[in-house]
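Student: With my numbering as the guide, the letters of the sequence shown map in order to residues 16 to 306. Glycine is no exception: its CB is placed at the ideal position from the N, C-alpha and C atoms. Take this structure, written in structure tokens, and hold onto it; I'll ask about it next.
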Amino acid sequence: MTESRSTPAGIAAAAVAVVCWSAGNVMVVEAPMSGLQIAFWRIALGAVVFSTIVYVSGRQITPAMLRAVAPAGVVISIEIAIFFVALRSTTVANAAVISNLTPLVLLGVASRAFHEKVTGLLVAITGVATIGVALVLFGSSQHSTWQPWGDLLAFVSMFFFAAYFAFAKKGRATVPILEFQACLWIVGSVTLLPVAIVDAGGLDVPDAPQWLWLASLLAVPGTGHMLMNWAHAHVRLVIASMLNLSVPALSTAGAFLFLNEDVSAVQVLGVVIVISGLAFVVRREAELRPG
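As structure tokens, this is what we get:
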């Protein structure tokens, strides 16, 4: 992206994307499959759907596109697999909080790789928001569903998600959005296929109810990926990553409403801090736009 400011459409697309991802976190916990199998088959379904859309619309996927998108496809498929397993091994709040600390990594990436200006104010707000997500984590760590192993997996997935943000931004500079999505999931399917086969002791094809869950996961969090990938060309990397900090807050609310996960006062305080920090950043970004 060559613009120095984010556009309203870019911010809106990124905001809707994080809502979709938050809903997806809750859906994964309820899906009747293992986390790794959910990840592989959802990505494989995405490859089929988006490739079909590309070809029906008269476009095509070229080897150059696949090469440009390959780094993003590899890291996002690994991230999804690790994170889905983490969601089934700890609380939704813990997994979402840990995996979405990407601004801590992306502040440096944005400054060095994309020459985006990272002000002291943005660093300070990131710190405040991080305190908020830490409170959400602390408030949920006493739940019976909490496991240190799940938290560790979520932490690992965070680094892959940070890498995905950076690789996706580079890939979107040369590949249109629909072709990008198709290439992303094609590469992701190839990446996870061997792991999925080993995990299930063979190719474990989903049954009809499981396909419905997979289609829902493609439609909701999958749409979030498409929106965020489109937004990469219209919003600064730092702002996109800051908006991503709302995922833990929204996921915690969804887990409370639909999974009966308790929410403590400490978690509520953390949610308020996160949302307040995000609101400040987005408002300031809008004020800095020329015209």
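Starting from Gln52, trace the alpha helix (DSSP H) both ways and give me its first and last residue.
Tutor: Segment 50-71, the alpha helix (DSSP H) holding Gln52.
Student: To test your reading of the DSSP string, which unbroken alpha helix (DSSP H) runs of 4 or more residues are found completely within the stretch 234-285?
Tutor: 236-246, 252-259, 261-273
Student: In its own chain, which residues sit with a C-beta less than 6 Å from the C-beta of Leu265, not counting the 5 before and 5 after it?
Tutor: Ser37
Student: Assuming Thr206 is part of the alpha helix (DSSP H), what are its boundary residues?
Tutor: Counting along the chain, the unbroken alpha helix (DSSP H) around Thr206 starts and ends at 192-215.
Student: Let me know the alpha helix (DSSP H) ranges lying completely inside the stretch 71-104, each 4 residues or longer, listed in chain order.
Tutor: 78-102
Student: Check whether the stretch 73-85 and the stretch 25-34 touch, using three or more Cβ-Cβ pairs below 8 Å as the test.
Tutor: no
Student: Please name the residue, chosen from Gly237, Phe176, Gly61, that lies closest to Glu94 on a Cα-to-Cα basis.
Tutor: Phe176
Student: Report back the beta-carbon spacing between Ile21 and Arg251 to the nearest angstrom; my notes put them in contact at under 8 Å.
Tutor: The sequence as given places Ser at residue 21; Ile does not occur at that position. That pair is a contact at about 5 Å.
Student: When the Cβ atoms of the stretch 101-111 are set against those of the stretch 265-282, are three or more pairs found closer than 8 Å?
Tutor: Contact between the stretch 101-111 and the stretch 265-282 is present, because at least three Cβ pairs lie under 8 Å.
Student: Under DSSP, the alpha helix (DSSP H) around Val44 begins and ends at which residues?
Tutor: 23-45
Student: When DSSP labels each residue in this structure, what does Val1 get in the three-state scheme?
Tutor: Because the chain spans 16 through 306 in this model, residue 1 falls outside it and cannot be assessed.
Student: The alpha helix (DSSP H) with Arg187 in it runs from where to where?
Tutor: Annotation: the continuous alpha helix (DSSP H) that includes Arg187 extends over 163-187.
Student: Checking contacts by CB at 8 Å: is Ala246 closer than that to chain D?
Tutor: Among the protein chains of the structure shown there is no chain D, as only one such chain exists.
Student: What's the call for Ile97, buried or exposed, on a 16-neighbour Cβ count within 10 Å?
Tutor: buried
Student: Using beta-carbon positions only, say whether Ala101 and Leu168 come within less than 8 Å of one another.
Tutor: yes
Student: Which one of Ala54, Leu258, Ala46, Ala246 has the shortest CA to CA distance from Val89?
Tutor: Ala54
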